Amino acid sequence: MLILNVLIIPLIRRKGTFFYGLIMGIPTTTIHKKSYLCALNQSKPIMKEISPDSIQKAVNILTTHTDSKLLTHLNACVHCGLCDTSCLFFKTFQEAKYIPGRKVDMVSSVYRRYCTFLGKTAPKLVNAKELTEDYVAEMVDALYGACTMCGRCVKHCSIGVDIPFVVRTGRRMLATMGCVPASLQATVDAALNTKNNMAIPKEDFVDTIDWMQEELQDELETEETLIPLNKEGAEILYTLNPREPKFFPLSIAAAAKIFYMAGANWTLSDEMYDVTNYGYFSGNDAHAKQIAQHMYDEMAKLKCKTLVLGECGHGTRALRWEAPNYMKKHPDFKMISLVELIEEYIKSGKIKLDKSLNTKKYTIHDPCNIVRNGGLFNSLRYVVKQAVPELIEMDPYGSDNFCCGGGGGMLAMSEYNERRLGIGKVKADQIKATGAYVVITPCHNCADQLNQINHEYKLGVEIKSVAEVVADAIVLDKGE
Numbered sequence: 026m027l028i029l030n031v032l033i034i035p036l037i038r039r040k041g042t043f044f045y046g047l048i049m050g051i052p053t054t055t056i057h058k059k060s061y062l063c064a065l066n067q068s069k070p071i072m073k074e075i076s077p078d079s080i081q082k083a084v085n086i087l088t089t090h091t092d093s094k095l096l097t098h099l100n101a102c103v104h105c106g107l108c109d110t111s112c113l114f115f116k117t118f119q120e121a122k123y124i125p126g127r128k129v130d131m132v133s134s135v136y137r138r139y140c141t142f143l144g145k146t147a148p149k150l151v152n153a154k155e156l157t158e159d160y161v162a163e164m165v166d167a168l169y170g171a172c173t174m175c176g177r178c179v180k181h182c183s184i185g186v187d188i189p190f191v192v193r194t195g196r197r198m199l200a201t202m203g204c205v206p207a208s209l210q211a212t213v214d215a216a217l218n219t220k221n222n223m224a225i226p227k228e229d230f231v232d233t234i235d236w237m238q239e240e241l242q243d244e245l246e247t248e249e250t251l252i253p254l255n256k257e258g259a260e261i262l263y264t265l266n267p268r269e270p271k272f273f274p275l276s277i278a279a280a281a282k283i284f285y286m287a288g289a290n291w292t293l294s295d296e297m298y299d300v301t302n303y304g305y306f307s308g309n310d311a312h313a314k315q316i317a318q319h320m321y322d323e324m325a326k327l328k329c330k331t332l333v334l335g336e337c338g339h340g341t342r343a344l345r346w347e348a349p350n351y352m353k354k355h356p357d358f359k360m361i362s363l364v365e366l367i368e369e370y371i372k373s374g375k376i377k378l379d380k381s382l383n384t385k386k387y388t389i390h391d392p393c394n395i396v397r398n399g400g401l402f403n404s405l406r407y408v409v410k411q412a413v414p415e416l417i418e419m420d421p422y423g424s425d426n427f428c429c430g431g432g433g434g435m436l437a438m439s440e441y442n443e444r445r446l447g448i449g450k451v452k453a454d455q456i457k458a459t460g461a462y463v464v465i466t467p468c469h470n471c472a473d474q475l476n477q478i479n480h481e482y483k484l485g486v487e488i489k490s491v492a493e494v495v496a497d498a499i500v501l502d503k504g505e
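This is the structure we're talking about:
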């Protein structure tokens, strides 16, 4: 068995998918013709010297405190190629370099080169790759510029390799070498330095909140404080994607309307309201931890009990499920998404909806990190069906949905704008096929990408958040 694992299997993997499938007992007719082992990446070398010290730091990611999960997934891919059409990039461009399994092999080939006997002594024999400037450039292009980390490939993988996990491991390696794409790193730096990823000045944020509060007070015919700021001891601290105060302030007013009608004891912070964490996408765990710590500190300062995560897919994932890994501890407060909270409000009768107030045909775009990777399919469908008269599902939808094309930090990386809009055609075709006039999505990152492909492909639809659709359907009597 030792000889098989150490000598024979690495050699057979190097020879291609036919022989690997043969020894593993997989019928050769199921082996995909587009073997990614011979794929060529044409990306240009990055203009950065790769020092021995930075290489060692990257290799340490693979060897220091490595658990069985990483080793399992690095060695589990059988190169069948069944993941290819699950990926927006391969589906759009039909180039072998975009096959998800090849991205796994890029990371595992580095592992073989630096962490195995054959890789160190006969690297070409087992397709082991050195971290040269050219190869690092290929990794940057593939792992940052050609993956949204949406996880759809995992659903279609024949053995369940966690491809986004391996991709993020590769990003962690690249981050230690200082090879994060410049625009993505700038977004992270903004969050680290200003506590919001768009570097919005506090004065501008407060002005926007005041404006939205005045609009909402006029609508509800009240002079009550409808969007409280920095209210110490509030039950709920609500969070936002900075794109809301910057570009979509009506979604803030919509959420405030829901809180008001439900009688919620809530607040926003003018210091730390950003639900996002682009450190998760850059691969720099220290930065991801620092951004998460900002939110933990704000919860402690304001003495709030529940952190309500605004409509942001990766923000929800990064704070609710990933942050405890960075922090090495569980938070001492409750976390819940806005979608789940609205579901509670509806079921408890705290808010009443009249779906006839929404009159158009609606469809849902399922954010990958909330639905496929977050399990909120039922909550999202329940809320939307209570708020709209006609829902037309996309094909496919739910856990099998296609990513909008802006995830994984793609929307923040201007280096890949053309590629991002190219893969967006898959989602544009899905939307067009529904015949819907409004696309609902509980993620402002998705909303931004959907707005751009709406313009690019001339779809003529509206993009709305869940809060906006619910606010439009709310009955204004507060149950009295």
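Taking the numbering used here, the leading residue of the sequence shown gets 26, the next gets one more, and so forth.
In this text, a Cβ means the ideal position worked out from N, Cα and C, and glycines have one as well.
Just so we're clear, the structure is a prediction, and the values are computed from it rather than from any experiment.
- Taking the C-beta atoms as reference points, F273 is found no nearer than 8 angstroms to H480.
- For L251, there is no enclosing alpha helix (DSSP H), since its DSSP letter is neither H nor E.
- Ranked by Cα distance from E248, the first of D235, E257, N255 and D159 is D235.
- When DSSP reads this structure, E487 sits in a beta bridge with V463.
- For K359, the pairing in a beta bridge is given by DSSP as T331.
- Secondary structure note for Y422: it is in no alpha helix (DSSP H), with a DSSP letter that is neither H nor E.
- According to the DSSP secondary-structure assignment, L293 is paired through a beta bridge with L254.
- For L416, DSSP records a beta bridge to Y387.
- Taking 4 residues as the shortest admissible run, the region 149-196 contains the following complete alpha helix (DSSP H) segments, listed from N- to C-terminal end: 158-168 and 177-181.
- Here P421 is exposed. Its C-beta has fewer than 16 other C-beta atoms within 10 Å.
- Cβ atoms of F427 and V464 stay farther apart than 8 angstroms, at about 13 angstroms.
- Counting every other CB atom within 10 Å of its CB across the protein chains shown gives E257 a total below 16, marking it as exposed.
- Only residues of its own chain outside the window of five on either side were considered, and among them K94, L95 and H98 have a CB closer than 8 angstroms to the CB of F190, listed in chain order.
- Inter-residue distance for C329 and D357 is about 10 angstroms (C-alpha atoms, whole angstroms).
- About 6 angstroms separates the beta carbon of E493 from that of S276, a gap short enough to meet the 8 angstroms contact definition.
- For the pair I283 and T341, the CB atoms are not nearer than the 8 angstroms cut-off.
- Each of G126, E246 and T110 was checked against the Cα of D502, and the nearest Cα belongs to E246.
- Burial state of E368 is buried, judged by a 10 Å Cβ sphere holding 16 or more other Cβ atoms.
- Here V179 is near D187, since their CB atoms are less than 8 angstroms apart.
- Only residues of its own chain outside the window of five on either side were considered, and among them S79 and A83 have a CB closer than 6 angstroms to the CB of M202, listed in chain order.
- Residue range P77 to T88 is occupied by the alpha helix (DSSP H) that includes I80.
- Taking all protein chains shown into account, K483 has fewer than 16 neighbouring C-beta atoms within 10 Å of its C-beta and is therefore exposed.
- For L99, the enclosing alpha helix (DSSP H) covers residues S93 to A101.
- In this structure the region 119-138 touches the region 151-158; the number of beta carbon pairs closer than 8 angstroms is three or more.
- In the three-state scheme derived from DSSP, where H, G and I count as helix and E and B as strand, Y351 is classed as helix.
- In the DSSP assignment, I478 falls within the alpha helix (DSSP H) that extends over H469 to E481.
- The beta carbon of K457 sits closer than 7 angstroms to those of L484, all from its chain and outside the five residues before and after it, given in chain order.
- Between I417 and T388, the gap from beta carbon to beta carbon is short of 8 angstroms.
- Out of G144, L446, Y303 and A461, the CA that lies nearest to the CA of F118 is found in L446.
- Burial of S294 is indicated by the presence of at least 16 other C-beta atoms within 10 angstroms of its C-beta.
- Y303 carries a coil assignment under DSSP once its states are collapsed to helix, strand and coil.
- CA-CA distance, Y351 to I316, rounds to 10 angstroms.
- Counted as a single uninterrupted DSSP element, the stretch harbouring Y263 is not any alpha helix (DSSP H) but the beta strand (DSSP E) occupying residues I261 to Y263.
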